[in-house]
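**Student:**
In structure tokens, the structure reads:
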């Protein structure tokens, strides 16, 4: 596969034109800034009763790398770009998918998928303990194109 040179791209430049995949999985950054990511981590530590008043900056989201936790535009911005790029590569991946941390982000994501021309979209709800999340999967291929011959 070609090396990914442009850090502004998500999928483009990552796949060789001859490569085909059944599924792509994405765990997008869900904060729009480093400050927002730090506040989110502080909330989680307080909720666990483990806030340390001596610590100036909390460990981000329990150890994730900062570039994995935030990006300009936050989750909606990242996933919208992922959708736009996936529409350029419709036949290379059967199902594209991404986690979506906030249910309130679903309407703009579903709107972006409709605009991009996704033929089928699935929202799968998940829960573990008190944590509720979901992932969205989409394809640009019809059922016949998705079925191996």
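Residue numbers (the numbering used here): 449 to 597. Yeah, the Cβ is synthetic: ideal placement off N, Cα and C, and Gly gets one too. These numbers were taken from a predicted model, which means no experiment stands behind them.
Just the C-alpha distance for residue 530 and residue 567, rounded to the nearest angstrom, thanks.
**Tutor:** If you take the alpha carbons of residue 530 and residue 567, they lie about 16 Å apart.
**Student:** Can you give the Cα-Cα distance for residue 456 and residue 596, rounded to whole angstroms?
**Tutor:** Going by the C-alpha atoms only, they are around 34 Å apart.
**Student:** Between 591, 563, 571, 534, which has its C-alpha nearest residue 463's C-alpha?
**Tutor:** The shortest Cα separation from residue 463 among 591, 563, 571, 534 belongs to 534.
**Student:** Report the three-state DSSP secondary structure of residue 511 (helix, strand or coil).
**Tutor:** Low confidence applies to residue 511: its pLDDT is 48, below 50, so where it sits in the model is not reliable enough to give any reading.
**Student:** To which residues of the same chain is residue 558 closer than 6 Å at the C-beta, ignoring the five residues directly before and after it?
**Tutor:** Cβ within range, chain order: n/a, list empty.
**Student:** By how many angstroms is the C-alpha of residue 577 removed from the C-alpha of residue 584?
**Tutor:** Those two C-alpha atoms are separated by around 20 Å.
**Student:** Which value, in whole angstroms, describes the spacing of the CA atoms of residue 465 and residue 540?
**Tutor:** C-alpha separation (whole angstroms): 8 Å.
**Student:** In angstroms with no decimal places, state the Cα-to-Cα distance between residue 472 and residue 532.
**Tutor:** Between residue 472 and residue 532, the C-alpha separation is close to 14 Å.
**Student:** Could you spell out the range, first to last residue, of the alpha helix (DSSP H) harbouring residue 529?
**Tutor:** 522-536 is the span of the alpha helix (DSSP H), which, as asked, contains residue 529.
**Student:** Go ahead and pull the three-state DSSP assignment for residue 465.
**Tutor:** Note: residue 465 maps to coil in three-state DSSP.
**Student:** Measuring straight from C-alpha to C-alpha, what distance separates residue 477 and residue 551?
**Tutor:** Going from the Cα of residue 477 to the Cα of residue 551 covers about 15 Å.
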